[in-house]
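Notes follow the structure.
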Amino acid sequence: PIPPIISFRPADYKFSTRDYQAYVENHTNILNKPHSHAALLQGGIVWRLAKEHFSLDAALHGPSSTVIQSRTGYVFGDKDNAWSLWDDDLVGDEADLICGLHKCYTGYGVQVAYKSWWPLPYTWDAAGVNMGFWSDENERWYQQRLWEILDGKAEPLGAEQWRNKL
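Under the working numbering, think of the first position of the sequence shown as 900, with each following residue one higher.
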């Protein structure tokens, strides 16, 4: 399978609901992979976005054959290596792509800004809104943001914009 790639946009690109629909399609393609139930194990914003695609029972289905064949993913074991437990993990940029990451040229040569429909995992965690569970306040924020996107009133934001918004 072809790995998902981060899309590039020209400087001053105006995002639309059509771009969001393309993001949802890409997001769905990522989450249809055998190992992608691991997104539910990430917690935070990645968990919430994956929850739209999976039942919560899917988190219990691992590991996929990918773990066994390629020996990639999470591994837990004892200090003497007498035993180990394996489970799936997201690979490469998948967590960021689940959040709708785009690279946008800034107009200064090849310099790019990272913008996403949803805050990237490290931005979410650094903002202090990841309390180890998805709160009612988090859900209200998520539903409001989704409404703004679908109504054409929101577009991808950069890390600093996310920090100010969260």
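Every residue gets a Cβ at the ideal spot worked out from N, C-alpha and C, and that includes glycine.
>> Let me confirm a value: residue 946 is counted as buried when at least 16 other C-beta atoms fall within 10 Å, else exposed. Which label applies?
In response: Taking the first residue of the sequence shown as 1, we reach residue 946 at position 47. Classification of residue 946: buried, given that the 10 Å Cβ count is 16 or more.
>> With three or more C-beta pairs closer than 8 angstroms as the rule, is the region 956 to 969 touching the region 1039 to 1048?
In response: no
> Do residue 1019 and residue 988 come within 8 angstroms of each other at the CB atom, strictly closer than that value?
Replying inline: By one-based count along the sequence shown, residue 988 stands at place 89. By one-based count along the sequence shown, residue 1019 stands at place 120. In this structure, residue 1019 does not lie closer than 8 angstroms to residue 988 by Cβ.
> Between which two residues does the alpha helix (DSSP H) carrying residue 1035 extend?
Replying inline: As a first step, residue 1035 must be located in the sequence shown, where it is residue number 136. Start and end: 1035 to 1049.
> Short check: CB of residue 929 to CB of residue 998, under 8 angstroms?
Replying inline: Residue numbering aside, residue 929 sits at position 30 when the sequence shown is read from its first letter. Residue numbering aside, residue 998 sits at position 99 when the sequence shown is read from its first letter. No, the pair does not count as a contact, with Cβ atoms beyond the cut-off.
> How is residue 945 classed by DSSP in three states: helix, strand or coil?
Replying inline: Position 46 of the sequence shown holds residue 945. Reduced to three states, the DSSP call for residue 945 is helix.
> Can you tell me the Cα-Cα spacing of residue 1038 and residue 980, whole angstroms?
Replying inline: The residue labelled residue 1038 in the question sits at position 139 within the sequence shown. The residue labelled residue 980 in the question sits at position 81 within the sequence shown. Their Cα atoms are separated by approximately 41 angstroms.
> Taking all protein chains shown into account, do 16 or more other C-beta atoms lie within 10 angstroms of the C-beta of residue 1035, making it buried, or fewer, making it exposed?
Replying inline: Counting from 1 along the sequence shown, the entry for residue 1035 is found at position 136. Classification of residue 1035: exposed, given that the 10 Å Cβ count is below 16.
> Out of curiosity, what's the CA-to-CA distance linking residue 1054 and residue 959?
Replying inline: Working through the sequence shown from its first residue, we reach residue 1054 at position 155. Working through the sequence shown from its first residue, we reach residue 959 at position 60. Roughly 34 angstroms separates the two Cα atoms.
> Unbroken beta strand (DSSP E) runs of length 3 or more, entirely within the region 954 to 1005: which are they?
Replying inline: 973 to 976, 983 to 986 and 1000 to 1004
> So what's residue 932 in DSSP terms, helix, strand or just coil?
Replying inline: Along the sequence shown, one-based indexing puts residue 932 at 33. DSSP places residue 932 in coil when its eight states are reduced to three.
>> Assuming the contact rule is C-beta atoms closer than 8 angstroms, residue 961 and residue 936 should be a hit. Round their C-beta distance to whole Å, please.
In response: By one-based count along the sequence shown, residue 961 stands at place 62. By one-based count along the sequence shown, residue 936 stands at place 37. Yes, residue 961 and residue 936 are in contact; Cβ-Cβ is about 6 angstroms, under 8 angstroms.
>> Contact defined as beta carbons within less than 8 angstroms: I believe residue 1002 pairs with residue 914. What is the distance between those atoms, to the nearest angstrom?
In response: Position 103 of the sequence shown, counting from 1, holds the residue named residue 1002. Position 15 of the sequence shown, counting from 1, holds the residue named residue 914. With a Cβ gap of about 13 angstroms, residue 1002 and residue 914 do not count as contacting.
>> Helix, strand or coil for residue 1065? Go by DSSP, reduced to three states.
In response: The sequence position of residue 1065 within the sequence shown is 166, counting from 1. In the structure shown, residue 1065 sits in coil (DSSP, three-state: anything other than H, G, I, E or B).
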